[in-house]
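Just so we're aligned, residue 0 is where the sequence shown starts under numbering that gives the first Met the number 0, counting upward by one.
Just so you know, even glycine gets a beta-carbon here, dropped at the ideal spot from N, CA and C.
Written below as structure tokens is the structure these notes are about.
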Amino acid sequence: MMFDKKTLITTVAIAAFIVTGCAVSGSTYSEEEIGLRKTNLYSENTTNPDKTSYGKVAAGESKVIARAFENAPPMIPHDVEGMLPITRDNNSCLACHDPMVAEAVKATPTPKSHMASFRPLTTLDANGQIVKEGKVVDNTADIKTALHKRDGVSMERFNCSACHAPQSNNEPLVKNEFAPEFRSANGKSQSNLLDTLNEGVQ
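Here it is in structure tokens:
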């Protein structure tokens, strides 16, 4: 790889500046001081992560955690002991968060985006070929995904714990200075994903 004269001079100058800066400061740091980990980098004997500390507040008694950003999957603010795993035949979350009962039990209702499928309506024939409207489809990239409303929660959204998780009470190692902006007053607690999904596309 060839460098022109100007690039070479610039590179040498930057390297000299870094070396000189380090020499002038006179400060040295141990490996344990450099990163977030404050233990020996070559041994796991004394390295233990902070113990995870999930809240034990029962469902219905917890305080809603504000979303990290607009339409972010909200954190689970209550204890989930005995509610997991979610299976095809058993989803404890929907006992409270199904829109039909959520208001009565003062739970956050499952949003409209969970009551819809965004997959194309296709099937597989006996030969494993993709069929759409009775015809074999060679190039599935040509199939435009459309919105198909469901009577209940779509199976694509059925596994709640794929996106939603309890919040640990541990102190963060690095301060989070991200400041979200919500375009609606209720954006911290409600989803409008289905209404804004095609924004800028249509």
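Answer yes or no: do Ser-153 and Ser-190 have a C-beta to C-beta separation smaller than 8 Å?
Within the sequence shown, the letter at position 154 stands for residue 153. Within the sequence shown, the letter at position 191 stands for residue 190. In this structure, Ser-190 does not lie closer than 8 Å to Ser-153 by Cβ.
Give me the Cα-Cα distance between Val-130 and Val-136, rounded to the nearest whole angstrom.
Against the sequence shown, residue 130 aligns to sequence position 131. Against the sequence shown, residue 136 aligns to sequence position 137. Answer to the nearest angstrom: the Cα atoms are 6 Å apart.
Rounded to whole angstroms, how far is the Cβ of Pro-76 from the Cβ of Gly-54, which I believe are closer than 8 Å?
On the sequence shown, position 77 is the one that residue 76 refers to. On the sequence shown, position 55 is the one that residue 54 refers to. Contact flag correct, Cβ pair sits at about 7 Å.
Taking only the alpha-carbon atoms, compute the straight-line gap between Pro-108 and Tyr-41 and give it to the nearest angstrom.
Here the question's residue 108 lines up with position 109 in the sequence shown. Here the question's residue 41 lines up with position 42 in the sequence shown. Those two C-alpha atoms are separated by around 49 Å.
Taking Asp-88 as the reference, give the member of Asn-158, Ser-61, Ser-26 with the closest Cα.
As a working note, residue 88 is residue 89 in the sequence shown. Asp-88 has its Cα closest to that of Asn-158, out of Asn-158, Ser-61, Ser-26.
Determine the extent of the alpha helix (DSSP H) in which Ile-33 is found, giving its start and end residues.
Indexing the sequence shown from 1 puts residue 33 at position 34. Run containing Ile-33: 30–33, per the alpha helix (DSSP H) assignment.
Rounded separation between Leu-196 and Leu-120 - CA only
Start at 1 with the first residue of the sequence shown, and residue 196 comes out as number 197. Start at 1 with the first residue of the sequence shown, and residue 120 comes out as number 121. Leu-196 and Leu-120: Cα-Cα distance of roughly 19 Å.
If distances are taken between C-alpha atoms only, which option among Val-11, Ser-52, Thr-86 comes closest to Arg-156?
Sequence index remark: in the sequence shown, residue 156 carries index 157 (1-based). Taking only the C-alpha atoms, the option nearest Arg-156 is Thr-86.
Relative to the C-alpha of Arg-118, which residue among Lys-111, Thr-139, Lys-105 is closest?
Position 119 of the sequence shown, counted from the first residue, corresponds to residue 118. Nearest C-alpha to Arg-118: Thr-139.
With a cut-off of 8 Å, do at least 3 Cβ pairs link the region 88–105 to the region 180–190?
no
Taking the CB atoms as reference points, tell me whether Asn-168 and Ser-52 lie closer together than 8 Å.
For the purposes of this step, residue 168 is identified with residue 169 of the sequence shown, where counting begins at 1. For the purposes of this step, residue 52 is identified with residue 53 of the sequence shown, where counting begins at 1. In contact: Asn-168 and Ser-52 (Cβ atoms closer than 8 Å).
Enumerate, from N- to C-terminal direction, the unbroken beta strand (DSSP E) stretches of 3 or more residues contained entirely within the region 74–133.
129–131
From the DSSP secondary-structure annotation, give me the bridge partner or partners of Ser-167.
On the sequence shown, residue 167 is found 168 positions in, with the first residue counted as 1. Paired residue(s): Tyr-53.
Candidates Val-173, Lys-105, Glu-43, of which the one nearest Glu-60 by Cα:
The residue given as residue 60 occupies position 61 in the sequence shown. Answer by Cα proximity: Lys-105.
What is the residue span of the alpha helix (DSSP H) that Thr-195 lies within?
To locate residue 195, count along the sequence shown from 1; it is residue 196. First-last of the alpha helix (DSSP H) with Thr-195: 192–195.
Taking just the CA atoms, how far does Ile-64 sit from Gly-81?
Translated into the one-based positions of the sequence shown, residue 81 becomes position 82. Translated into the one-based positions of the sequence shown, residue 64 becomes position 65. Between Gly-81 and Ile-64, the C-alpha separation is close to 21 Å.
Residue from Asp-194, Val-100, Asp-49 whose Cα sits closest to the Cα of Glu-170:
For the purposes of this step, residue 170 is taken as the residue at position 171 of the sequence shown. Of the listed residues, the one whose Cα sits closest to Glu-170 is Asp-49.
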